[in-house]
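Heads up, the thing below is written out as structure tokens.
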Amino acid sequence: MSTNEHQFLLKALEEGLRLDGRKPMQMRPLNIEVGPDYGQMLVTLGDAKVVVRISSEIVTPYEDRPFEGIFQVSSELDGMGHPSFNEASHRQEEEVMLSRLIEKAIRRSNALDLESLCIIAGQKCWSVRADVHIIDYDGNMTDIVCIGVIAGLLHFKKPDISIRNGTVILHDMSEREPVPLSVLHIPICVTFQIYSSGSMEDNVKGDGREFVIVDATLKEEALTQGTITLTLNSNKELCQMSKSGGINLEVDEILSLTNEAQIIVDDFTKYIKDTIKKDEELRVNPLQKELQVVNSRE
């Protein structure tokens, strides 16, 4: 990015203007497409696009957690999503940070009931895995991945099982109705980018004027001087807060951002639930789903 473009974008953001016409606290349009298999999601946020696939298998639980199942997030970033991901060191660092942040948002907030994944204590449990693939990267990767993973978990169903003489029997989905996961609440990440009109010295002294936007695009992210990610649910519970960058935020500023994030979380939670409910209704009536596909082609 050239110096002139950098200064132009920063000045526009300072005046509350964005290249795509959004307001500072306005998210890009969210769209979720449900795949043919349980737990498959194609999530689009503006020009950013990710594919999430939830899978499960029966494994041995961790020794220090014999009564719990396992949940893991695996993120895959490559040059198809953005040319910068061709660099191995940069890609691996981003993959690890993203996976940890999403795992923390879901697992440590007890959104996914890990105890319900236990089959035989200390011997057998379900291991649930979320595979994330970035197709198009245009900023705000954390939020779109979080939405995809939690939507996938809500939609996913694992095969039913029975236990006979200590042996776990896995039933085919055509034989028995598959079982949904126990998701206790829906945490959603909302990421804000922080900017300052002052120099680094002014920021340290607190003399610079800060301004904040939500759901930054790739170009807007390139200008950021700080990031704060708030993870909330519709119960108005703050599940996680992660901040990076050197710009300070006062307590009242964080509270204000939390209120803004809550509005977004409530809106997205309703959209996720409505999308999954609609897909469930279509699966009950396959003929209606076929007609919908035909109509969309026409």
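Numbering of the sequence shown is given in numbering that gives the first Met the number 0, commencing with residue 0 and proceeding in unit increments.
Cβ coordinates follow ideal geometry from the N, Cα and C atoms, glycine included.
- Gly-147 counts as buried, since at least 16 other C-beta atoms from the protein chains shown sit within 10 angstroms of its C-beta.
- Taking the Cα positions, Arg-163 is about 49 angstroms away from Ile-262.
- Taking the Cβ atoms as the reference, Pro-186 lies roughly 5 angstroms from Asn-232, within the contact range of under 8 angstroms.
- Between Asp-214 and Asn-139, the C-beta spacing is below 8 angstroms.
- For Thr-268, the uninterrupted alpha helix (DSSP H) segment begins and ends at 250-283.
- The DSSP assignment places complete alpha helix (DSSP H) segments of no fewer than 4 residues inside the stretch 204-241 at 217-221, in order along the chain.
- In this structure His-184 is in contact with Ala-110, their Cβ atoms being roughly 5 angstroms apart against a cut-off of 8 angstroms.
- In the DSSP assignment, the residues bridged to Lys-157 are Val-178.
- The bridge partners DSSP lists for Lys-123 are Ile-119.
- Ser-54 and Leu-254 have their C-alpha atoms some 37 angstroms from each other.
- Between Ile-168 and Gln-192, the C-beta spacing is not below 8 angstroms.
- Per DSSP, the continuous alpha helix (DSSP H) segment holding Ala-11 begins and ends at 2-13.
- Apart from the 5 residues on each side of it in sequence, Glu-32 sits with its Cβ closer than 6 angstroms to the Cβ of Leu-41 in its chain, given in chain order.
- Note on the stretch 17-75: whole beta strand (DSSP E) runs with a minimum of 3 residues are 29-33, 39-44, 47-58 and 69-75, in chain order.
- For Leu-111, there is no enclosing beta strand (DSSP E), since its DSSP letter is neither H nor E.
- Listed in chain order, the non-local C-beta contacts of Gly-225 below 6 angstroms within the same chain comprise Ile-193, Gly-244 and Ile-246, local neighbours out to five positions each way being set aside.
- Cα atoms of Glu-114 and His-154: separation of roughly 19 angstroms, rounded to the nearest angstrom.
- With 16 or more neighbouring CB atoms inside 10 Å of its own CB, Arg-52 falls in the buried class.
- Residue pairing of Leu-169 in beta bridges, as defined by DSSP: Ile-160.
- In this chain, the beta strand (DSSP E) harbouring Ile-193 covers 187-195.
- As the crow flies, the alpha-carbon of His-170 is around 13 angstroms from that of Glu-56.
- The C-alpha of Asn-234 lies about 11 angstroms from the C-alpha of Thr-268.
- Using a Cβ distance threshold of 8 angstroms, Asp-135 and Lys-48 count as a contacting pair.
- Three or more pairs of CB atoms, one per stretch, sit closer than 8 angstroms, so the stretch 59-70 contacts the stretch 123-130.
- Annotation: Val-189 to Ala-150 spans about 15 angstroms, alpha carbon to alpha carbon.
- For Gln-239, the closest C-alpha among the options Glu-279, Asp-159, Lys-103 and His-132 is that of Lys-103.
- Thr-43 and Glu-280 have their C-alpha atoms spaced approximately 22 angstroms apart.
- When C-alpha distances from Lys-157 are compared across Lys-218, Ser-74, Asp-36 and Gln-122, the shortest belongs to Asp-36.
- By alpha-carbon distance to Glu-4, the top candidate from Glu-219, Leu-237 and Ser-173 is Glu-219.
- Residue pairing for Asp-130: DSSP places it in a beta bridge opposite Arg-52 and Ser-73.
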